[in-house]
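**Q** If you read the protein sequences in the order shown, they are chains A and B. Count the first sequence with UniProt numbering and you get residues 1 to 251, in order. Count the second sequence with UniProt numbering and you get residues 1 to 251, in order.
Number of protein chains: 2
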Amino acid sequence: MFLSSYANSHQVAKATPFKEADSLHGLFSRQPAEHLAIGQSLFFEGDETRHVFEVVEGTLRIFRIISDGRRVITGFLYAGDIVGVSLKERYLYSAEAITPTKVRRLARRAFDDAVADSDELRPEVFSRVCDEMAAVQDQLVLLSSKTAEERLCTFLLRHLRRMIAGGNRETTIELPMTRQDMADYLGLTIETVSRTITKLIGKGVVNVTNPAARHFIKIEKPGMLAQLAGDGGECPEALHDLMAQGDRRRH
Amino acid sequence: MFLSSYANSHQVAKATPFKEADSLHGLFSRQPAEHLAIGQSLFFEGDETRHVFEVVEGTLRIFRIISDGRRVITGFLYAGDIVGVSLKERYLYSAEAITPTKVRRLARRAFDDAVADSDELRPEVFSRVCDEMAAVQDQLVLLSSKTAEERLCTFLLRHLRRMIAGGNRETTIELPMTRQDMADYLGLTIETVSRTITKLIGKGVVNVTNPAARHFIKIEKPGMLAQLAGDGGECPEALHDLMAQGDRRRH
DNA sequence: CGCCATCTTGATTGATATCAAATCCGGTGG
DNA sequence: CCACCGGATTTGATATCAATCAAGATGGCG
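1) Assuming B/E132 is part of the alpha helix (DSSP H), what are its boundary residues?
2) With a cut-off of 8 angstroms on the beta carbons, I'd call A/F28 and A/A95 a contact; round off their distance for me.
3) Counting pairs of Cβ atoms below 8 angstroms between the region 174-191 of chain B and the region 205-218 of chain B, do you hit three or more?
4) Rank A/N210, A/G69, A/R71 and A/F111 by C-alpha distance to the C-alpha of A/I82 and give the top, closest one.
5) Does the separation of the CB atoms of B/R97 and B/L160 fall below 8 angstroms?
6) With a CB to CB cut of under 7 angstroms and the five nearest residues on each side skipped, what residues in its chain are close to B/K146?
7) Check the Cβ of A/D81 against every Cβ in chain B and list those closer than 8 angstroms, keeping chain order.
8) Which residue or residues does DSSP assign as beta-bridge partners of A/R90?
9) Anything in the region 58-82 of chain B with a Cβ closer than 8 angstroms to a Cβ of chain A? List those residues in chain order, please.
10) Could you name the residues that DSSP lists as bridge partners for B/H35?
11) For a contact defined as C-beta to C-beta under 7 angstroms, what are the partners of B/C130 on chain A?
12) Taking only runs of the alpha helix (DSSP H) that begin and end inside the region 180-215 of chain B, which ones reach a length of at least 4 residues, in chain order?
13) Taking a cut of 7 angstroms between CB atoms, which residues from the region 174-205 of chain B lie near chain A?
14) Interface residues of chain A around B/V141 at Cβ under 7 angstroms?
15) Confirm, please, whether the CB-CB distance from B/K221 to B/G202 is below 8 angstroms.
16) Terminal residues of the continuous beta strand (DSSP E) containing B/V172?
17) Which of helix, strand or coil does DSSP assign to B/A107?
18) The alpha helix (DSSP H) that contains B/R162, what's its start and end?
19) How about A/V52: is its C-beta nearer than 8 angstroms to some C-beta of chain B?
20) Examine the Cβ distances between the region 65-80 of chain A and the region 114-127 of chain A and report whether three or more of them are shorter than 8 angstroms.
21) Given this structure, state the Cα-to-Cα distance separating B/Y78 from A/S144, to the nearest angstrom.
22) Taking 7 angstroms as the limit between beta carbons, can you name the residues of its chain near A/E124, skipping five residues before and five after?
23) Could you name the residues of chain B that A/M133 contacts, counting a contact when the two beta carbons are closer than 9 angstroms?
24) Give the straight-line distance between the Cα atoms of A/K88 and B/S127, rounded to the nearest whole angstrom.
25) Quick check on this structure: which residue in B/T49, B/V193 and B/D47 has the alpha carbon closest to the alpha carbon of B/L156?
26) Going by DSSP, what residues sit across from A/E57 in a beta bridge?
27) With DSSP as the reference, label B/A238 as helix, strand or coil.
28) What is the residue span of the alpha helix (DSSP H) that B/G223 lies within?
29) Checking 8 angstroms against the spacing of the C-beta atoms, do residue 290 of chain A and A/L142 come in under that value?
30) Taking only beta-carbon positions, decide if A/S145 is within less than 8 angstroms of chain B.
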């Protein structure tokens with residue numbers, strides 16, 4: 001599966017002078033960069049997992065095509081992410097570039113050996129696997145119980161946080177994916193995504209300043225966005241109420 | 001997170017004469033068994049992850065309570081499963097016994113050290129983490145794109161497969177969880193779960209033989225169940241159509 | 001025997017999908 | 001430079017599946 005870099009990626013990204021085996025980023029740094037054009041595939045669902053990849057630049061979508069032809073996007077990959085670790089013999093999804101993308105690859109075997117040998121790498125891999133697992137959990141909660149508006153707000157909020165974690169003080173986020181991608185990721189239709197964004201603009205929560213760039217969204221009211229996302233920041237807040245039973249509401 | 005044992009668990013379970021560190025099961029085997037009554041909690045979301053657990057007997061639900069009070073069940077734990085591995089400092093969910101349950105625990109630290117030291121344990125942990133990731137992926141697809149009937153059928157089918165994988169030739173599966181649990185796991189309401197099961201009985205796909213035991217469901221037509229589950233067996237079948245674009249349907 | 005939790009069934013509503021048609025925008029070629 | 005084309009997006013009208021609201025039915029258990 002893919003591994004989100006979170007805060008890590010940025011620190012690591014700056015620190016190229018690492019000894020190769022000291023970090024996952026270092027491990028990939030000597031590999032040649034490969035370029036993917038928009039729409040180009042990195043690998044397909046069902047392919048043998050011969051390589052592990054580091055995304056150097058750009059964004060990819062990872063998805064499965066289900067029997068009726070629909071597409072389910074299970075995640076996006078951003079610069080600093082690593083993909084292909086928590087998989088056995090076959091990829092469980094396809095990966096496709098959304099923007100011009102640069103990646104580095106490592107043979108599966110070489111990667112596994114390096115990680116097995118290094119006391120520095122193992123915790124880093126572990127940490128990323130945990131982050132990835134946590135992200136999938138959150139997505140599971142989103143899909144199983146959130147409304148269209150909550151899903152959109154959660155999605156925007158995650159982007160805003162990624163931005164802030166990356167040290168960027170901007171409140172304009174870039175959404176490199178299309179509305180269709182967002183729909184397939186959030187378990188909605190493209191029409192519902194569009195309508196919901198329109199509604200959020202109407203509420204003054206977000207704004208699309210430059211009409212030429214629907215892929216740039218200004219977050220006008222981050223606090224309200226968090227409210228509408230419908231959970232105390234993707235985390236439990238009023239927890240540990242010692243199992244407040246018998247109060248289970250709708251759904 | 002929790003780790004499904006799949007086929008592994010059964011082989012391992014028989015082989016108690018292993019040297020302790022040879023298998024995960026062996027690693028736990030010297031720990032005293034602890035008993036949980038129905039409804040009793042093993043740990044709570046937000047607690048520090050001080051222990052890793054092996055489920056020896058029984059079934060647990062793992063879940064999160066979201067801000068509006070609803071409960072999202074993110075998985076179930078069965079005999080042979082291990083829980084608490086792919087987590088950092090805090091549990092991301094609570095775990096609660098659905099049936100009388102027996103578990104063994106290991107201090108987090110002891111577990112990590114044992115795994116770090118053993119060339120036999122590491123692949124086993126890796127394998128289980130991969131299985132878990134695959135399971136969450138499948139759940140994600142289920143929640144993002146399946147109808148109520150497809151969800152129920154998928155759920156029943158998984159139980160049937162677990163049974164078959166366990167060497168049991170029966171086609172009557174036990175569902176130790178309540179209808180509410182199933183609803184919270186499948187992203188439905190209890191009414192929809194109930195209605196959908198009634199409909200499946202009407203179609204002759206399944207049957208509840210003993211009225212006294214709604215928790216035992218006989219699968220009358222496994223083939224049809226798989227059809228209704230709405231995917232070529234939780235796996236892609238007509239894959240690799242070289243990206244049959246521009247045919248994306250509803251949702 | 002009768003309470004109580006669990007489950008089932010029925011009637012209605014509502015959010016979102018579906019179907020359909022504009023609108024917008026970048027790119028292309030005249 | 002401007003008209004046209006096609007993909008992406010938005011907007012509108014309607015349909016539908018599952019949620020909600022509301023009773024019953026069932027079975028375990030004291």
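Idealized CB from N, CA, C, for every residue including glycine. In this text, all values refer to a predicted model and were calculated from it rather than measured experimentally.
**A** Short version:
1) The residue you call residue 132 of chain B lines up with position 132 of the second sequence. Here the alpha helix (DSSP H) through B/E132 covers L121 to S145.
2) As a first step, residue 28 of chain A is located in the first sequence; it is residue number 28 there, counting from the start. As a first step, residue 95 of chain A is located in the first sequence; it is residue number 95 there, counting from the start. Incorrect: roughly 16 angstroms between the Cβ atoms, too far for contact.
3) yes
4) The residue you call residue 82 of chain A lines up with position 82 of the first sequence. It is A/F111 whose Cα lies nearest to the Cα of A/I82.
5) The sequence position of residue 97 of chain B within the second sequence is 97, counting from 1. The sequence position of residue 160 of chain B within the second sequence is 160, counting from 1. For clarity, residue 97 of chain B is Ala in the given sequence; the question names Arg instead. Against a cut-off of 8 angstroms, the Cβ pair of B/L160 and B/A97 comes out as no contact.
6) For this step, residue 146 of chain B is matched to residue 146 along the second sequence. Closer than 7 angstroms at the Cβ level, and outside the excluded window around B/K146, lie T154 and G230.
7) As a first step, residue 81 of chain A must be located in the first sequence, where it is residue number 81. Those within 8 angstroms of A/D81 in chain B number zero; the least Cβ separation is about 15 angstroms.
8) What you label residue 90 of chain A is simply residue 90 of the first sequence in a count that begins at 1. In the DSSP output, where bridge partners are listed per residue, A/R90 has A/E48.
9) R64, I65, I66, S67, D68, G69, R70, R71, V72 and T74
10) Residue numbering aside, residue 35 of chain B sits at position 35 when the second sequence is read from its first letter. For B/H35, which the question treats as bridged, DSSP gives the partners B/K102.
11) Here residue 130 of chain B refers to the residue found at position 130 of the second sequence. In chain order: S86, L87 and K88.
12) 190-202
13) G187 and T189
14) Stepping through the second sequence from its first residue, residue 141 of chain B is reached at position 141. Going along chain A in sequence order, the residues near B/V141 (Cβ under 7 angstroms) are R64, I66 and V72.
15) If you number the second sequence from 1, residue 202 of chain B lands on position 202. If you number the second sequence from 1, residue 221 of chain B lands on position 221. Against a cut-off of 8 angstroms, the Cβ pair of B/K221 and B/G202 comes out as no contact.
16) On the second sequence, position 172 is the one that residue 172 of chain B refers to. Before going on, a small fix: residue 172 of chain B reads as Thr here, not Val. Looking at the DSSP string, the run of the beta strand (DSSP E) that includes B/T172 is T172 to E174.
17) Sequence index remark: in the second sequence, residue 107 of chain B carries index 107 (1-based). Of the three classes helix, strand and coil, the one that applies to B/A107 here is strand, per DSSP.
18) To locate residue 162 of chain B, count along the second sequence from 1; it is residue 162. Here the alpha helix (DSSP H) through B/R162 covers A148 to A165.
19) Counting from 1 along the first sequence, the entry for residue 52 of chain A is found at position 52. Judged by the 8 angstroms Cβ criterion, A/V52 is not in contact with chain B.
20) no
21) The count along the second sequence starts at 1 and reaches residue 78 of chain B at position 78. The count along the first sequence starts at 1 and reaches residue 144 of chain A at position 144. So the two alpha carbons sit approximately 22 angstroms from each other.
22) Position 124 of the first sequence, counting from 1, holds the residue named residue 124 of chain A. Cβ neighbours of A/E124 beyond the five flanking positions: S23 and L24.
23) Counting from one through the first sequence, the residue named residue 133 of chain A turns up at place 133. Residues of chain B passing the Cβ test: M1, S86, L87, L92, V129, E132, M133 and V136.
24) Looking up residue 88 of chain A in the first sequence gives position 88. Looking up residue 127 of chain B in the second sequence gives position 127. The straight-line gap from Cα to Cα measures roughly 7 angstroms.
25) Stepping through the second sequence from its first residue, residue 156 of chain B is reached at position 156. Looking at the Cα atoms, B/V193 is the closest of the given residues.
26) On the first sequence, residue 57 of chain A is found 57 positions in, with the first residue counted as 1. According to DSSP, A/E57 bridges with A/K102.
27) Residue mapping note: residue 238 of chain B aligns to position 238 of the second sequence, counting from 1. With a pLDDT of 45 at B/A238, under the threshold of 50, the predicted position of this residue should be treated as unreliable, though the coordinate-derived value follows. The answer is coil: DSSP assigns B/A238 none of H, G, I, E or B.
28) Here residue 223 of chain B refers to the residue found at position 223 when the second sequence is read from its first residue. P222 to A229 is the span of the alpha helix (DSSP H), which, as asked, contains B/G223.
29) Summary: the structure shown does not reach residue 290 of chain A, with chain A confined to residues 1 through 251, and so no result is reported for it.
30) If you number the first sequence from 1, residue 145 of chain A lands on position 145. Output row for A/S145: interface = yes.
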